[in-house]
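Working notes, beginning with the structure itself.
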Amino acid sequence: MARRPRAVAVFSGGLDSVCMCAHLSGFHELHGITFSYGQRAAQEVRAARRLARRAGLVEHRTVDISFMRGLYAGTNVLTDSRSRLPGRFDYSIVVPVRNAVFLSIASAWAFTIGARTVAYGAHTGDRPYPDCRPAFSRALEAALNAGESDGIRSKKRLPIRIWSPASEGLSKAEMVRRGHAAPALALGRRRAPPARVGVRQHARLKERVDPPPLAALGEALWLFHESGPLA
Amino acid sequence: MRRARSATASAPSTTANLGSGFDVFGMALDAFRDTVTVSMSASRGVRVVADGGVPAGARSNTAGLVALAAMRMAGARGLEVRVTKRVPVGMGMGSSAASAAAAAVACDRLLSLRLRPAGLVRLAGTGERASAGAVHYDNVAAAVLGGFVIVRTGPLDVVRMAPPRGMRCCVAVPEVAVPPKKTAASRGLVPRRPRLEDATANVSNAAALVAGMARGDTALVGSAMADAIAEPPRRASVPWLEAARRRAVRAGAAGVAISGAGPSIVAVAPAGADIGAIGEAMRRGLAASRVRCRIVECRPTARGAARA
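First to last, the sequence lines map onto chains A and B.
Residue 185 in the numbering used here sits at position 53 of the first sequence, and the numbers go up by one each step.
Residue 1328 in the numbering used here sits at position 223 of the second sequence, and the numbers go up by one each step.
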């Protein structure tokens, strides 16, 4: 029997990566990787461990790269505990090329286990972060494949592609909707009650999944516009 | 102002039926585009200059038939039609429809017919008679309008929708000899009077497929491609279908169906699916029947027939 295609996903345990993984695990053998990079939100790593199975990962690894905290010093507030978190988007929450670091390590794993897809949860709403834009992931994908070009040519390695919801023009809402529909999460459709922590997490998930009435109205209008009779 | 002497348009490859929507569903694919240039000619009638093994007589070529019909509508004297074929011929990717749709848009521009979308679909449909023997609008409507289309007949009406964002498609084009008038022959296999249970199954699947398109749910679209009417009698002429489907679904495809009248088969897959792995799975499925194929990875396209 043919194997499902393998994929490596950068998995933070947050809403975006949980939904992305739940969606992708429907048609991939999904291997998740979580980075402990000295971030303030250490609970992120604990959440990732707890949610890995529910998100459909067949394997989950946590990688300690907390030395990055020392290198990043005071460039950003996510790894520097002395400064305060801003109330809304500010460049101080951008960790320098964070996704380049994550994706490079994830890709090294992908080349090793023969995974052709390396996924991360950037969506169209992440535009303020340059390393969440499709132009960046395309360039990094080309660079990494160039770094294994001889291995790829001699068929010792499989070329990778870096995939993100943003690369398909998918928004956070669209990704959450897909994650919600995915068999891995199957909210409210499970026979066995999920673990206590899982319930809390999913209660929170569910709140954000049910689309607000305004968005539903917008969608209906769009459909009406798109499918109106021609004649 | 002097009137233009020529106009050029291109139109995309398409896949028809998507399983449950026999003669009803069509979807434009960005894999290939046919280009048609129509020019005013001093000599009477329509002259067709074609490449790629398409019949060059005006009456046996889809683009030529469209030009003839447009010429009659506009009362023009003579036209020259130049067809550049890129859509593989006779493989179930809407080759004749792409030429017809491009010709319709080119003629509309050159002769200032100012047709509305439904009129363009009807004009392009006159070309389909050349290859299919009768007019079916599923391919032409998708080639003219782009996106996913639902064709209603009596009277003709086309409902257009956007396929789910990020949806991917993979077409396996087998390297087999195709009999002439393939579409007519393939249609002959389909029962004129399907069983009620089969009709019910198809209506339910077709309805679910449209819901999947509306909701952006490719998994639902794929599972609703199951066809109880046209596929069973056609399986004998597409013997690799089951093996290819099983493998493709395992590799991440949401559904697999015969593309139009075949012999190509089409897989649809959700955003993020490993389309390379799905193509490889389909190739192996066909190889099990000792058939080699060309794998075409593509996406649905919103761009229908348009000036090139």
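Idealized CB from N, CA, C, for every residue including glycine.
1. Whole-angstrom Cβ separation of B:Gly1199 and B:Val1192, contact assumed at under 8 Å?
2. At the 8 Å Cβ level, is B:Ala1147 part of the contact set with chain A, yes or no?
3. Using a Cβ-Cβ cut-off of 8 Å, state whether A:Glu191 counts as contacting chain B.
4. Shortest alpha-carbon distance to B:Arg1408 belongs to which of B:Gly1124, B:Asp1128, B:Val1129 and B:Asp1139?
5. Report yes or no: is there a C-beta of chain B within less than 8 Å of the C-beta of A:Gly301?
6. What does B:Ala1362 pair with, by DSSP beta-bridge criteria?
7. For A:Leu317, collect the residues of the same chain with a Cβ closer than 7 Å to its Cβ; drop the 5 residues on either side in sequence, then sort them by chain order.
8. For B:Ala1168, which residues in the same chain have their Cβ closer than 6 Å to its Cβ, ignoring the five residues on either side in sequence?
9. What's the C-alpha gap between B:Arg1397 and B:Glu1280?
10. Does DSSP put B:Arg1388 in a helix, a strand or coil?
11. Does B:Gly1232 come within less than 8 Å of chain A when only Cβ atoms are used?
12. Could you tell me whether the stretch 1341-1358 of chain B touches the stretch 1312-1320 of chain B, where touching means 3 or more Cβ pairs closer than 8 Å?
13. Spatial neighbours of A:Gly257 within its chain, please: C-beta separation below 7 Å, excluding the five flanking residues on both sides.
14. State yes or no: is the C-beta of B:Ala1246 within less than 8 Å of the C-beta of B:Val1254?
15. Is DSSP giving A:Asp196 helix, strand or coil here?
16. Does DSSP classify A:Met368 as helix, strand or coil?
17. For A:Glu300, count neighbouring Cβ atoms within 10 angstroms of its own Cβ and tell me buried if that reaches 16, exposed if not.
18. Sorted by chain position, which residues of the same chain lie with C-beta nearer than 6 Å to A:Val341's C-beta, five sequence neighbours on each side aside?
19. Report the rounded CA-to-CA distance for B:Met1272 versus B:Pro1338, giving the unit in angstroms.
20. Using a Cβ distance threshold of 8 Å, determine whether the stretch 1287-1297 of chain B contacts the stretch 1378-1385 of chain B, with at least three qualifying pairs required.
21. Using a Cβ-Cβ distance cut-off of 8 Å, determine whether B:Ala1356 contacts chain A.
22. With a threshold of 8 Å between beta-carbons, can A:His160 be considered close to chain B, or not?
23. Is B:Gly1126 close to chain A? Criterion is C-beta to C-beta, closer than 8 Å.
24. What would DSSP say about B:Pro1405, mapped onto helix, strand or coil?
25. Tell me the residue span of the alpha helix (DSSP H) that contains B:Met1176.
26. Would you kindly work out how many angstroms separate the C-alpha atoms of B:Ala1324 and B:Arg1265, rounded to a whole number?
27. Go to B:Ser1328, then tell me how far its alpha helix (DSSP H) extends in each direction, as first and last residue.
28. Please report the residue range of the beta strand (DSSP E) in which B:Ala1112 lies.
29. Going by C-alpha distance, which of A:Ile292, A:Pro297, A:Tyr223 and A:Pro260 is nearest A:Ala254?
30. DSSP puts B:Met1272 in a beta bridge; with which residues?
31. Scan the stretch 230-249 of chain A for residues whose Cβ lies nearer than 7 Å to a Cβ of chain B and list them as they occur along the chain.
32. For a test of the three-state rule: what should DSSP assign to A:His160, helix, strand or coil?
33. A:Thr249: buried (16+ other C-beta within 10 angstroms of its C-beta) or exposed?
34. On the three-state DSSP scale, how would you describe A:Ala251?
35. Along the alpha helix (DSSP H) that carries B:Asp1139, what are the first and last residues, could you check?
36. Mind checking the stretch 1251-1275 of chain B against chain A and listing, in chain order, the residues whose C-beta falls within less than 7 Å of any C-beta there?
In short, the structure shows the following:
1. 7 Å
2. no
3. no
4. B:Asp1139
5. yes
6. B:Val1371
7. Ala154, Arg186 and Gly311
8. Val1141, Val1186, Val1188, Ser1204 and Ala1208
9. 6 Å
10. Reduced to three states, the DSSP call for B:Arg1388 is helix.
11. Closer than 8 Å: no.
12. no
13. Ser303 and Lys304
14. yes
15. strand
16. Limits of chain A in this structure are 133 at one end and 363 at the other, which puts residue 368 of chain A out of reach.
17. A:Glu300 is buried by the Cβ-count criterion.
18. Residue confidence for A:Val341 is low, a pLDDT of 40 falling below 50, so the modelled location carries little weight; the figure read from the coordinates is stated next. Contacts found: Val308 and His312.
19. Straight across, the Cα-Cα distance linking B:Met1272 with B:Pro1338 is about 29 Å.
20. no
21. yes
22. yes
23. no
24. strand
25. Thr1167 to Ala1179
26. When rounded, the distance between both Cα atoms is 20 Å.
27. Thr1323 to Ser1328 is the extent of the alpha helix (DSSP H) around B:Ser1328.
28. Ser1111 to Ala1121
29. A:Pro297
30. In DSSP, B:Met1272 forms no bridge with anything.
31. Arg248 and Thr249
32. coil
33. Result: buried.
34. strand
35. Careful: B:Asp1139 lies outside any alpha helix (DSSP H), inside the beta strand (DSSP E) at Phe1130 to Met1145.
36. Residues passing the 7 Å Cβ filter: Asp1262, Val1263, Val1264, Arg1265, Met1266, Ala1267, Arg1270 and Gly1271.
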